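Peer 1: Structure incoming, see below.
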Amino acid sequence: MTNRAKILETAKQYVTKDRASDHGDMEDNFEMIADFWSVYLDIRIKPHEVGVMMTLLKVARIRSNPEHPDNWIDGAGYMACGGELAGKRKRTKMPNLDANGKFTKHEEAL
């Protein structure tokens, strides 16, 4: 049986343990995802909005399988990450692309 405390405790474990060695820094990852999505969608996506969009992915999965606890746990985790990033908002505009199609901040081609 899954209850709200268990969902939140598990989500807390997921988002507070050191996953950077496997997945890289959360903030850097959300910024890069936002940059990729922004270019692809041709609208500005902010890093904290990645947390919202990933939560919506989990909501869509909940429609198909509401009994699967991972969707609820991951949704709570993505909201926590997005909330943290919303409190740290540094960048207010889309980074510029150089002549080679690379973001000036990340120096990575798309």
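In my numbering, the protein residues as written are 184 to 293.
From the three backbone atoms N, C-alpha and C, an ideal C-beta is built for every residue, glycine too.
This structure is a prediction, so every number in the text was calculated from the model and none was measured.
(1) Excluding the 5 residues preceding and the 5 following Asn254 in the sequence, name in chain order all residues of the same chain whose CB lies nearer than 6 Å to its CB.
(2) I'd like to check one pair, Leu268 with Glu210: are the Cβ atoms closer than 8 Å?
(3) Thinking Ile300 and Val198 are a contact (beta carbons under 8 Å), I'd like their distance in whole angstroms, please.
(4) Span of the alpha helix (DSSP H) holding Asn254?
(5) Alpha carbon to alpha carbon, how far is Thr185 from Val192? Give it in angstroms, no decimals.
(6) Only counting the same chain, and skipping five residues up and downstream in sequence, which positions put a Cβ closer than 6 Å to that of Thr238?
Peer 2: If we stick to the structure as given:
(1) Lys241, Arg244 and Ile245
(2) yes
(3) Residue 300 cannot be examined here, being either before or after the span of the chain that is shown, 184 to 293.
(4) Pro252 to Ala269
(5) It should be noted that the sequence gives Glu, not Val, for residue 192. Glu192 and Thr185: Cα-Cα distance of roughly 11 Å.
(6) Gly258, Tyr261 and Met262
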